[in-house]
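Below is one structure, written out as structure tokens, with a few remarks after it.
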Amino acid sequence: MTPVVSIEKLTKTYENGFEALKGVDLDIEEGEILALLGPNGAGKTTLISIVCGLVNPSAGKVLVGGHDVIREFRKTRAMIGLVPQELTTDMFETVWNTVSFSRGVHGRKPDPALIESILKDLSLWPKKDNMLRELSGGMKRRVLIAKALAHEPKILFLDEPTAGVDVNLRREMWQVVEKLRANGVTIILTTHYIEEAEEIADRVGVIDGGKLLLVEEKTALMQKLGRKQLRLELSEPLKALPESLALYNLALSDDGAALIHEYQGEEGQGSIASLLAALATENIHFRDLSTRQSSLEDIFVALVGEKAGEKA
Ligand SMILES: Nc1ncnc2c1ncn2[C@@H]1O[C@H](COP(=O)(O)OP(=O)(O)OP(=O)(O)O)[C@@H](O)[C@H]1O
């Protein structure tokens, strides 16, 4: 399938000499939700801005729907909706006018029925005649999305859609994103919240220092890099691990009261059965057991290191 966005060897050096992107290659498939994760200053906004034609690349090529974002800017921009972090529109304007105006800016003919359905989808319909300043923070965020959708883009970029919002609103935003995807919109979002990527993305890209460290299916990524842990609470504490258990990836807790077995993805099933048998042979009994799977956050921190850990 031809990617809807194709980014090739993209670099960006700002005027002050700062290299914000260092050769990024990325294909985005139609209809997917891609989450770009990365610490502050990683290059996420720069990347999005280039695709949206707001920042010029230093080298490389970006195609949107097969069109070059520089030479065919009008065509590519018309296909893209961009949801920035903050509302910069006139706070004394009404919701209806703000969203309708945005359609006009992109050269599209007025379509009140469409604006109505966008506002209804985003639960903004009852507020259509309210001024933006009269809306709650969450409603303002939804107006940003409505504005970006008013010209019927095929691709929607969301720059940190849930930064600084409460848990309920975050869940609500995720539902909005899901609904858009169901309508066939391709969605690219940047986020600091790993939980967000874990929850809604089909694929996850990790950017750090201007480089795309990886981009992979979320579930495959978690299977491949995610570690699992089995913890056995022992009936009697142990002073040391018996030698016969050395071949299992086992650790004894500091107080000797628990055994911790780490394994990767699917390899575990077989090893757990034989570990339990070996414990029985050694006459080691346990009173309880629990398992834990490493999250996308663990994977991300391991990849990007402490810098990301502080942010996450
Ligand atoms: N106009 C500019 N001139 C010089 N440097 C810039 C400019 N814009 C961004 N940068 C630098 O490029 C790097 C990448 O910035 P960018 O905004 O793309 O990061 P980001 O991943 O979006 O970060 P954040 O999560 O904080 O929004 C940063 O170090 C930033 O200081």
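Under the numbering used here, the sequence shown has 184 at position 183, and the numbering climbs by one with no breaks. Glycine included, every Cβ here is placed at the ideal spot set by N, Cα and C. Just so it is clear, the structure is predicted and the values come from calculations on it, not from any experiment.
**Study point:** Residues near Glu-142 by beta carbon distance below 6 Å, same chain, minus five either side
**Key:** Taking the first residue of the sequence shown as 1, we reach residue 142 at position 141. Residue 142 is actually Arg in this sequence, not Glu. Cβ neighbours of Arg-142 beyond the five flanking positions: none.
Exercise for review: Would you mind giving the Cβ-Cβ distance between Phe-158 and Val-216, rounded to the nearest angstrom? I have them listed as a contact below 8 Å.
Suggested key: Locating residue 158 in the sequence shown gives position 157, where the first residue counts as 1. Locating residue 216 in the sequence shown gives position 215, where the first residue counts as 1. Incorrect: roughly 16 Å between the Cβ atoms, too far for contact.
Review point. Using 8 Å as the Cβ pair cut-off and three pairs as the minimum, do the segment 195-204 and the segment 276-292 touch?
Key: no
Review point. At a cut-off of 7 Å, is Gly-165 close to ligand 1 when judged by its beta-carbon and the heavy atoms of the ligand?
Key: Sequence index remark: in the sequence shown, residue 165 carries index 164 (1-based). Checking the Cβ of Gly-165 against ligand 1 gives no.
Point to revise | Closer than 6 Å to ligand 1: residues, by C-beta to nearest heavy atom, in chain order | key: Tyr-15, Asn-17, Phe-19, Ala-21, Gly-39, Asn-41, Gly-42, Ala-43, Gly-44, Lys-45, Thr-46 and Thr-47
Exercise for review: Whole angstroms is fine: what's the gap from Leu-145's alpha carbon to Ile-188's?
Suggested key: Counted from its first residue, the sequence shown places residue 145 at position 144. Counted from its first residue, the sequence shown places residue 188 at position 187. Cα-Cα distance, rounded: 15 Å.
Review point. Nearest to Gly-61 by alpha carbon, out of Leu-231, Val-96, Val-168 and Ser-7?
Key: One-based indexing of the sequence shown puts residue 61 at position 60. When each option's Cα is compared against that of Gly-61, the closest is Ser-7.
Review point. If we ignore side chains and look at the alpha-carbon of each, how far apart do Val-63 and Asn-57 end up?
Key: Working through the sequence shown from its first residue, we reach residue 63 at position 62. Working through the sequence shown from its first residue, we reach residue 57 at position 56. When rounded, the distance between both Cα atoms is 11 Å.
Point to revise | At least three beta-carbon pairs within less than 8 Å, the segment 106-119 to the segment 132-141 | key: no
Exercise for review: With distances taken Cα to Cα, identify the nearest neighbour of Thr-390 among Val-52, Asn-41 and Asn-184.
Suggested key: The requested residue 390 does not occur in the structure, where the chain is confined to residues 2 to 313.
Check your understanding: Mapping DSSP to helix, strand and coil, what is Gly-61?
Key -> Position 60 of the sequence shown, counted from the start, is the residue given in the question as residue 61. Gly-61 falls in the strand class under three-state DSSP.
Practice item. Taking only the alpha-carbon atoms, compute the straight-line gap between Leu-38 and His-286 and give it to the nearest angstrom. Key: Taking the first residue of the sequence shown as 1, we reach residue 38 at position 37. Taking the first residue of the sequence shown as 1, we reach residue 286 at position 285. Distance between the alpha carbons of Leu-38 and His-286 is about 43 Å.
Review point. On the three-state DSSP scale, how would you describe Gln-176?
Key: Against the sequence shown, residue 176 aligns to sequence position 175. Here Gln-176 sits in helix by DSSP.
Check your understanding: Three-state secondary structure (DSSP) at Leu-242?
Key -> Along the sequence shown, read from residue 1 onward, the residue named residue 242 stands at position 241. Coil at Leu-242, not helix or strand.
Check your understanding: Residues in its own chain within less than 6 Å of Thr-90 by CB, not counting five upstream and five downstream?
Key -> Position 89 of the sequence shown, counted from the start, is the residue given in the question as residue 90. These residues qualify, in order along the chain: Thr-99.
Check your understanding: If you draw a straight line from the C-alpha of Ser-275 to the C-alpha of Tyr-249, how long is it?
Key -> Taking the first residue of the sequence shown as position 1, residue 275 is located at position 274. Taking the first residue of the sequence shown as position 1, residue 249 is located at position 248. Roughly 9 Å between the two C-alpha positions.
Practice item. Report all residues from its chain with a CB closer than 8 Å to the CB of Asn-131; omit the five preceding and five following residues, and keep chain order. Key: Residue 131 sits at position 130 when you count from the first residue of the sequence shown. Same-chain partners within the cutoff: Thr-95 and Val-96.
**Study point:** Identity of the residue in Pro-162, Leu-150 and Thr-220 nearest Leu-181 by Cα
**Key:** Reading the sequence shown from its first residue, position 180 is the one you call residue 181. For the residues Pro-162, Leu-150 and Thr-220, the minimum Cα distance to Leu-181 belongs to Leu-150.
Exercise for review: Pick helix, strand or coil for Ser-236, following the three-state DSSP scheme.
Suggested key: In the sequence shown, residue 236 corresponds to position 235, counting from 1. Coil.
Check your understanding: Do Leu-239 and Leu-253 have their CB atoms nearer than 8 Å?
Key -> As a first step, residue 239 must be located in the sequence shown, where it is residue number 238. As a first step, residue 253 must be located in the sequence shown, where it is residue number 252. A contact, by the Cβ cut-off of 8 Å.
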